[in-house]
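Numbering (the working numbering), first residue to last: 1 to 340.
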C-alpha cells in the first residue's frame, strides 16, 4: 500500500491525472458527436488499423498509433461497441481504441509541458496555469478524440524541447528514434538536438544518422510488402509549390484568427504583461534560449508546407504555454515588488 500510495501521489502522476480529468470529457463528447467523414485523415488511420495499407502515400507510414489501436480493439473483442451512443454510425470499437490511446498520449504531452515550464523555474502553480493553455485549447479535444496520430508527434516535440532544457539524454534518444515514425515533419525538429542539446556533436550525428537509416530501411521494406503507385517523397516535395498560397492565407484575417485561436483568451496574459511591464520583451528574451527562436521558425515552415495553419501551429504549444507562464511570472514579480 505504501508503494501504491507513493506512485499515486508522485508529482508527475498527479499532473497526468489532472490532464486526463480535463481532456476526457470534451474529447468523448467530440467522439460521440463527430462525423468522421468530415475529417479525411481518419480514413487513412482507420484503414491502417485494419491493415489496409493502400492509403495516402504520405500518411500511410505513420503506423504506430493505428497498430496500438488495433491491439486494443482485438483484445477487447468489440466490447467497446456496447458503449456506443445510439446515434453513432458504424463500428465504434476501433475509434474508441484510438480515443483511449490519444487521450493518454495527450495527457502525457501535458506532463511534458509541465516539466518544461518547471525547468524554466516556474512554480508549481504557474506551471499548472501554463498547462491550462494547452488543456483549454479548442483543438486539444480533437487531437485526443479522433482516430488520428498527431498526439504522438506532439510528444516527440515536447521531449525534444524538455530534453534539451533538462539535459535529459533518455528523452532526446526517444525523440530521435520515435519522432520520424510519428510524423515526417520531425525532420524540421531534429536539427535542434544536434545544435542545442548537451549531447556531443559526434554522438548526436551518429544517433540522427542511425535513426534516418532505420526509417529508410523501414520504408523500403514497407514499400516492398505493400507497394502503392505514387511516390511519397515526390508528394512531400510538391508541397513546396503551395507555400505562396498558404503564406497569403496566413497573412489574411481568417488565417491569423485560426493561428491565434490556439491561445484565444490566454493571449491576454502576455498583452497585459507587455502593457504593464517596462522592457517586457527584453526581460522575456533574457530568460529563453535561441533554441526557441529557431524552433518557431521550424513551426512556421511546417505551417506553410502543411496548409493546415492552426493544426501545425499547435505543435508550438509547449513554447506557447511557457510564454504565458513566464509572462504571468513577470506580472507576479512586478505586483509583489509594488506591494512591498
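Each residue gets a CB set at the ideal place from its N, CA and C atoms; glycine is no exception. Everything numeric in this text was worked out from a predicted model, so none of it was measured.
> Whose CA, out of 157, 244, 276, 219, lies closest to the CA of residue 191?
Replying inline: 157
>> Please list the terminal residues of the continuous alpha helix (DSSP H) segment that includes residue 121.
In response: Segment: none, residue 121 is in no alpha helix (DSSP H) and carries neither H nor E.
> What is the C-beta distance between residue 159 and residue 112, in whole angstroms, given that I count them as a contact (C-beta under 8 Å)?
Replying inline: 6 Å
> Whole-angstrom Cβ separation of residue 161 and residue 318, contact assumed at under 8 Å?
Replying inline: 5 Å
>> I need the DSSP call for residue 338, collapsed to helix, strand or coil.
In response: Residue placement at residue 338 cannot be trusted, given a pLDDT of 48 that sits under 50; the coordinates are not used to answer.
> chain D beta carbons: is any one of them nearer than 7 Å to that of residue 269?
Replying inline: In the structure shown, chain D does not exist; there is a single protein chain.
> Near residue 3, which residues of its chain fall below 7 Å by C-beta distance, leaving aside the five closest residues on each side in sequence?
Replying inline: none
> Roughly how far, in whole angstroms, is the beta-carbon of residue 31 from the beta-carbon of residue 95, given that I think they are within contact range, below 8 Å?
Replying inline: 6 Å
> Would you say residue 270 and residue 308 are within 7 Å of each other, going by their C-beta atoms?
Replying inline: no
>> Just to confirm the assignment: which complete alpha helix (DSSP H) runs, minimum length 4, are found wholly within the segment 51–80?
In response: 64–75
> Run through DSSP, which three-state label would residue 156 get?
Replying inline: helix
> Looking only at C-alpha atoms, which of 35, 119, 171, 98 sits nearest to residue 325?
Replying inline: 119
> Could you give the distance in angstroms between the alpha-carbon of residue 258 and the alpha-carbon of residue 316?
Replying inline: 14 Å
> If you draw a straight line from the alpha carbon of residue 281 to that of residue 65, how long is it in whole angstroms?
Replying inline: 40 Å
> Just curious, the alpha helix (DSSP H) that residue 188 is in, first and last residue?
Replying inline: Note, residue 188: premise wrong, no alpha helix (DSSP H); not H, not E.
> What do you get for residue 13, buried or exposed, if any count of 16 or more other CB atoms within 10 angstroms of its CB means buried?
Replying inline: exposed
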